[in-house]
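Asks: Residue numbers (our numbering): 17 to 280.
1. Could you tell me the alpha carbon to alpha carbon distance between residue 209 and residue 67, rounded to whole angstroms?
2. With 16 other CB atoms within 10 Å as the buried threshold, where does residue 188 fall?
3. CA-CA distance, residue 46 and residue 227?
4. Taking 8 Å as the threshold, find out whether the region 86 to 97 comes into contact with the region 47 to 57 through three or more Cβ pairs.
5. Find the nearest neighbour of residue 119 within the set 148, 36, 230 and 161, judged by alpha-carbon distance.
6. Beta strand (DSSP E) containing residue 50: first to last residue?
7. Mind reading off the beta-carbon distance from residue 100 to residue 115? Whole number of angstroms is fine, and I expect it under 8 Å.
8. What residues match up with residue 187 in a beta bridge as DSSP calls it?
9. Going by DSSP in three states, residue 112 sits in which element: helix, strand or coil?
10. Residue 184: buried (16+ other C-beta within 10 angstroms of its C-beta) or exposed?
11. Checking 7 Å against the spacing of the C-beta atoms, do residue 27 and residue 83 come in under that value?
12. Provide the residue span of the beta strand (DSSP E) that contains residue 61, from first to last.
13. Let me confirm a value: residue 301 is counted as buried when at least 16 other C-beta atoms fall within 10 Å, else exposed. Which label applies?
14. So which of 205, 273 and 257 has the shortest CA-CA distance to residue 224?
15. Use the C-beta contact count for residue 155: other C-beta atoms within 10 angstroms, 16 or more gives buried, fewer gives exposed.
16. Starting from the C-beta of residue 106, find all residues in its chain whose C-beta is less than 6 Å away, skip the five residues before and the five after it, and write them out in chain order.
17. I believe residue 220 touches residue 151 by the beta-carbon criterion, under 8 Å. Please report the beta-carbon distance rounded to the nearest angstrom.
18. Determine the DSSP secondary structure at residue 39, reduced to helix, strand or coil.
Set out below in structure tokens:
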């Protein structure tokens with residue numbers, strides 16, 4: 017299979033009913049749903065955002081599969097039926113055996129992708145480096161050492177300069193705040209296993225308590241998000257989200273190891 021932008025392709029959306037297959041990973045967790053609708057000659061891949069990056073790779077493989085099927089003149093339902101009896105394209109995940117399922121609309125099928133499972137949480141928590149006691153002590157110390165003033169991030173000056181150049185302002189993070197951000201990476205809480213760009217932005221929940229897996233999601237979204245949008249870290253520091261992340265992760269580490277940290 018090969019993907020080329022100029023090749024004939026199915027439409028990417030439909031208002032009618034769809035047929036779909038279910039693709040799962042080695043643990044049996046749903047990665048996404050390849051779908052097709054003959055009424056609009058449409059087909060595509062619906063990613064389950066709570067899954068990991070393999071779902072994105074699977075999407076590319078299915079795009080190539082559907083492009084080949086379209087080039088052979090197959091209707092979307094025929095393309096799905098042909099896939100149902102064999103391995104998943106690119107051998108990424110596996111297709112759940114059986115005939116394609118049916119959904120009344122693409123929007124209805126999208127509803128299935130919003131599920132977050134216990135397996136998703138386990139995957140994220142498994143990525144935390146529970147063996148690195150020094151990293152966890154550093155996280156506890158960095159959080160304990162963060163003063164209120166450190167949570168108030170100032171911005172550099174912006175505007176047109178005397179020499180005519182235009183300066184764009186940027187956040188100036190203090191050393192204590194950067195220490196906490198680095199410590200989150202140090203314990204493995206900033207992970208490629210969470211598709212942060214495919215999920216809603218994190219927020220401090222009612223009561224200020226985050227589940228440990230949600231703390232990993234938030235840490236990843238905040239730290240990686242700063243690369244794309246200046247001020248992401250500043251906003252998380254001001255709202256209390258970074259505090260909630262650090263508190264949740266430290267409590268989780270103490271619970272699973274029986275080793276309370278002693279910030280210093």
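Glycine residues also receive a C-beta, built at the ideal position from the N, C-alpha and C atoms. Owing to the predicted nature of the structure, the values given are computational and were not obtained by experimental measurement.
Replies: On the basis of the coordinates in this document:
1. 8 Å
2. exposed
3. 22 Å
4. yes
5. 36
6. 46 to 53
7. 7 Å
8. 171
9. coil
10. exposed
11. no
12. 58 to 63
13. Residue 301 lies beyond the residue range present for the chain, which begins at 17 and ends at 280; the question has no answer from this structure.
14. 257
15. buried
16. 77
17. Contact doesn't hold; Cβ gap of about 24 Å is too wide.
18. strand
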